[in-house]
């Protein structure tokens, strides 16, 4: 299993529309331990970016994690814990991380989507999920088909399927983390 270096947020806080913090590099095994047990100091958190992939017909598209991943079967937007490749000029570039993860996980390129400004933030005791709205020009069914075609060409894809959320009935609470559900609920409520 992968045991490379990833970044955990050692401390941080929002100041208006800006979030500033300090990350520390840890190996993936230590990261998994942290995610199971939390940190004794109560301040260390996994602060990561997600691509809130949205179709032209306003549906949300989420990936079903492949069986070989740490979160097998869970349903997430493309994204992940930042690593040392996400450090640019001494800062962690979460938008860059979102762009990279979107392409790695779905095969979509940046000229096929539009990234909206800013992030939607969800906090809990172990996580800060920074969600970037990423819009496609394709409707949900066509986008799902396109992504599935691309991930089938990958030798070891991170995703095994694409889950479409058009309504509350499409939510799967037992397979979606709290931050994913919170964003989907917010998204669906604003469409009413």
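In the working numbering, the protein residues as written are 70 to 261.
Ideal placement from N, C-alpha and C gives every residue a C-beta, glycine not left out.
Only a predicted model underlies this, so the values are computations on that prediction, with no experimental measurement involved.
Residue range of the unbroken beta strand (DSSP E) whose run includes residue i
i, result
"residue 116", "115-123"
"residue 234", "228-234"
"residue 206", "Careful: residue 206 lies outside any beta strand (DSSP E) and carries neither H nor E."
"residue 192", "189-192"
"residue 183", "182-184"
Rounded distance between the beta-carbons of residue j and residue i, thought under 8 Å
i, j, result
"residue 120", "residue 147", "4 Å"
"residue 91", "residue 107", "The Cβ separation is near 18 Å, so there is no contact."
"residue 228", "residue 139", "Not quite, the Cβ-Cβ distance comes to about 13 Å (not below 8 Å), so this is no contact."
"residue 205", "residue 181", "7 Å"
"residue 193", "residue 248", "7 Å"
"residue 78", "residue 114", "5 Å"
Simplified DSSP assignment, three categories, for residue i
i, result
"residue 105", "helix"
"residue 86", "coil"
"residue 81", "strand"
"residue 199", "strand"
"residue 238", "helix"
"residue 135", "coil"
"residue 155", "helix"
"residue 211", "helix"
"residue 218", "helix"
"residue 128", "coil"
Alpha helix (DSSP H) segment containing residue i, residue limits
i, result
"residue 248", "247-259"
"residue 142", "Per DSSP, residue 142 belongs to no alpha helix (DSSP H) and is neither H nor E."
"residue 167", "163-175"
Spatial neighbours of residue i in its chain, beta-carbon cut-off 7 Å, leaving aside the 5 residues before and after
i, result
"residue 244", "142, 143 and 144"
"residue 207", "124, 125 and 215"
"residue 233", "128, 130, 209, 213 and 239"
"residue 97", "71, 72, 73 and 75"
"residue 152", "73, 74, 75 and 76"
"residue 241", "144"
"residue 161", "76, 92, 151 and 155"
"residue 219", "175 and 176"
"residue 157", "165"
Any non-hydrogen atom of the ligand COA closer than 7 Å to residue i Cβ
i, result
"residue 73", "For the structure depicted, the ligand COA is absent and the ligand set is empty, with no information on it obtainable."
Cut-off 6 Å between Cβ atoms - residues of its own chain near residue i, not counting five sequence neighbours on either side
i, result
"residue 230", "133"
"residue 170", "147, 148 and 149"
Residues of its chain near residue i, where Cβ-Cβ distance is below 8 Å and the 5 sequence neighbours each way are ignored
i, result
"residue 117", "148, 149, 150, 151, 163, 166, 196, 197, 198 and 199"
"residue 257", "234, 236 and 237"
"residue 172", "178 and 179"
"residue 202", "121, 123, 184, 185 and 189"
"residue 111", "194"
Residue-level contact to chain D via CB, residue i, 8 Å cutoff
i, result
"residue 156", "Chain labels in this structure do not include chain D; a single protein chain is all it has."
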